[in-house]
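> Handing you a structure now.
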Amino acid sequence: MRALSLIVVVVWHWAFTILDWKPTGPEPTSPLGFTSGLWILTWLLQVLPLFFYVGGHVHLLSWHRARARGTGIGSFVWRRIRALALPALFLSGVWIAVGAAVTYTFGVDWMWRVVLLVLSPLWFLGVYLVLIALLPVALWLHERYDVLTLIWLGGAALVVDVLRFRYDIEGVAWLNMIIVWGLAHQAGFFYDRVVALPRRYDIAVLWTGLFALFGLVYSGIYPGSMVGVPGDRFSNMAPPTFVIVALLLFQIGLVEVLRPAMERVLERPRWQRLNGFINRYSLPLFLFHTTGMAISLGLSWWFFGTLGDRIPPDSWWWLERPIAIVGPLICTAPVIYLFGRRPRPVAQTPDRDVSGSISSDHG
């Protein structure tokens with residue numbers, strides 16, 4: 001799930017980010033704003049709920065193992081924060097230095113927009129680091145109140161939306177950055193119990209989430225897309241709305257329904273090696289994939305004089321999407337090799353810790 005979620009995120013950014021270059025700099029937009037009905041695909045392709053769900057499960061497992069070795073919760077949390085924060089801070093520092101140098105040397109004011117676009121996916125890591133810092137509270141709630149914690153978090157997310165949309169208190173919406181993603185992360189604590197449920201319950205969770213999505217979207221209150229689309233009144237993601245809770249339910253149910261097929265595939269040695277390879281380089285791939293994309297665009301402008309996309313996208317643009325990932329992939333690979341090498345590979349074995357959603361204990 002982690003490897004698949006990561007690939008979906010990266011390919012989406014590489015292939016389906018439309019850049020409109022204006023005198024003030026690049027402005028990103030989405031092809032969903034120029035099509036009709038394709039937003040339904042975001043119910044499958046917006047995979048951040050699964051990212052947080054997987055991260056919660058693995059954090060719980062890792063904490064149990066660390067506690068058995070005598071590690072304290074403070075040390076455990078600090079090690080995880082450091083493992084994720086240091087490479088993110090390094091990347092941010094490099095791009096800020098590049099932005100300052102280019103702006104000062106060439107007087108290109110819009111360079112800061114480029115820096116912002118490259119670093120924008122790091123909002124995910126910011127939220128994730130907050131959830132890691134709150135892990136002692138999450139563990140206490142899980143041990144004391146069990147599934148009630150999920151119900152309370154879901155109710156809190158719904159209350160925030162009521163205050164936002166019924167009483168026009170916009171500022172309260174940002175509480176859902178922690179409440180909704182905290183709910184997805186906390187749901188991962190129940191992963192083993194979900195897996196152990198009879199198959200009929202998997203199907204029930206899938207349909208519950210799907211009907212909830214349908215009802216919320218077609219109520220006219222929420223947009224249908226699970227990503228930001230130009231022209232929508234607001235985005236279900238920034239900040240997240242209660243719709244993302246329904247999306248989480250739907251995706252958990254879907255994953256469990258597909259689990260037998262996925263397990264059969266992962267019994268094959270080639271798929272095991274591919275899965276292990278992606279997970280081994282998951283953190284540097286996530287961190288540097290927009291850097292590779294920026295390098296690819298810069299080389300395209302340097303050699304071919306082309307920059308930006310056709311707006312609105314035409315048929316040729318859609319046909320070129322498989323090719324669009326080639327340049328960023330080639331430019332990202334050496335960056336991952338240089339900055340993402342690890343002393344030993346990740347192995348999915350019972351006695352080997354695997355950290356949060358996107359990095360290993362040994363990374």
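Numbered per the UniProt record's numbering, the sequence shown spans residues 1 to 363. The C-beta atom is built at its ideal place from N, Cα and C for all residues, glycine as well. Owing to the predicted nature of the structure, the values given are computational and were not obtained by experimental measurement.
Is it buried or exposed for residue 436, if we count other Cβ within 10 angstroms and need 16 for buried?
Since the displayed the chain opens at 1 and closes at 363, residue 436 lies outside it and no answer follows.
> Could you compute how far the alpha carbon of I40 sits from the alpha carbon of R264?
28 angstroms
> Which residue from P328, L116, G93 and W316 puts its Cα closest to that of L285?
P328
> Using 8 angstroms as the threshold, is the stretch 1-18 in touch with the stretch 147-154, meaning 3 or more CB pairs across them?
no
> Using the C-alpha atoms, what's the distance from S315 back to L125?
35 angstroms
> Measuring only the C-alpha atoms, how far is R352 from G215?
Unreliable placement is indicated for R352, whose pLDDT of 40 sits below 50; the coordinate value is still reported in the next sentence. Cα to Cα, R352 sits roughly 43 angstroms from G215.
> I'd like to know whether the C-beta atoms of H289 and V94 end up nearer to each other than 8 angstroms.
no
> For P312, collect the residues of the same chain with a Cβ closer than 7 angstroms to its Cβ; drop the 5 residues on either side in sequence, then sort them by chain order.
The beta carbon of P312 sits closer than 7 angstroms to those of F34, all from its chain and outside the five residues before and after it, given in chain order.
> Here's a check: name, in chain order, each residue in its chain whose Cβ is nearer than 7 angstroms to the Cβ of L175, leaving out the five neighbours to either side.
V160
> Let me know if L86 comes out buried or exposed under the rule of 16 or more other beta-carbons within 10 Å of its beta-carbon.
Around the CB of L86, fewer than 16 other CB atoms lie within 10 Å, so the residue is classed as exposed.
> Relative to the alpha-carbon of G228, which residue among W78, V127 and P240 has its alpha-carbon at the smallest distance?
P240
> Going by DSSP, which residues form a beta bridge with M226?
None, per the DSSP bridge assignment.
> Ordered along the chain, which non-local residues of its own chain (more than five positions away) have a Cβ less than 7 angstroms from that of W112?
G99 and T103
> Just curious, the alpha helix (DSSP H) that G25 is in, first and last residue?
For G25, no alpha helix (DSSP H) encloses it; the enclosing beta strand (DSSP E) starts and ends at G25 to T29.
> Just checking, does the stretch 216-223 make contact with the stretch 186-199 on the three C-beta pairs under 8 angstroms criterion?
Verdict: no, contact absent.
> Could you please give the first and the last residue of the uninterrupted alpha helix (DSSP H) stretch that includes L84?
I73 to F106
> With DSSP collapsed to three states, give me the class of W110.
It is coil, neither helix nor strand.
> Given a threshold of 16 other Cβ atoms within 10 Å of its Cβ, counted over all protein chains shown, does G231 qualify as buried or as exposed?
It counts as exposed.
> How would you call A347, buried or exposed, if buried means at least 16 neighbouring beta carbons within 10 angstroms?
Annotation note: pLDDT 42 at A347 (below 50); position unreliable, coordinate value reported separately. By the 10 Å Cβ count, A347 comes out exposed.
> Please state the DSSP three-state secondary structure of V346.
Caution applies to V346, whose pLDDT of 42 falls short of 50 and renders its modelled position unreliable; the model cannot decide the point.
> With a threshold of 8 angstroms, are at least 3 pairs of Cβ atoms found where one atom belongs to the stretch 54-69 and the other to the stretch 180-192?
yes
> Using 10 angstroms around the beta-carbon of W14, count the other beta-carbons present and answer buried if the total reaches 16, otherwise exposed.
Here W14 is buried, its C-beta having at least 16 other C-beta atoms within 10 Å.
> If you draw a straight line from the C-alpha of A261 to the C-alpha of A101, how long is it?
51 angstroms
> Using DSSP with H/G/I as helix, E/B as strand and the rest coil, what is M293?
helix
> Taking the straight line between their C-alpha atoms, what separation do you get for A138 and A156?
15 angstroms
> When you compare only the Cα positions, how much space is there between G154 and R259?
Cα to Cα, G154 sits roughly 25 angstroms from R259.
> Between the Cα of W317 and the Cα atoms of A133, S30 and L134, which residue gives the shortest distance?
S30
> If distances are taken between C-alpha atoms only, which option among G298, R67, S120 and T332 comes closest to G292?
T332
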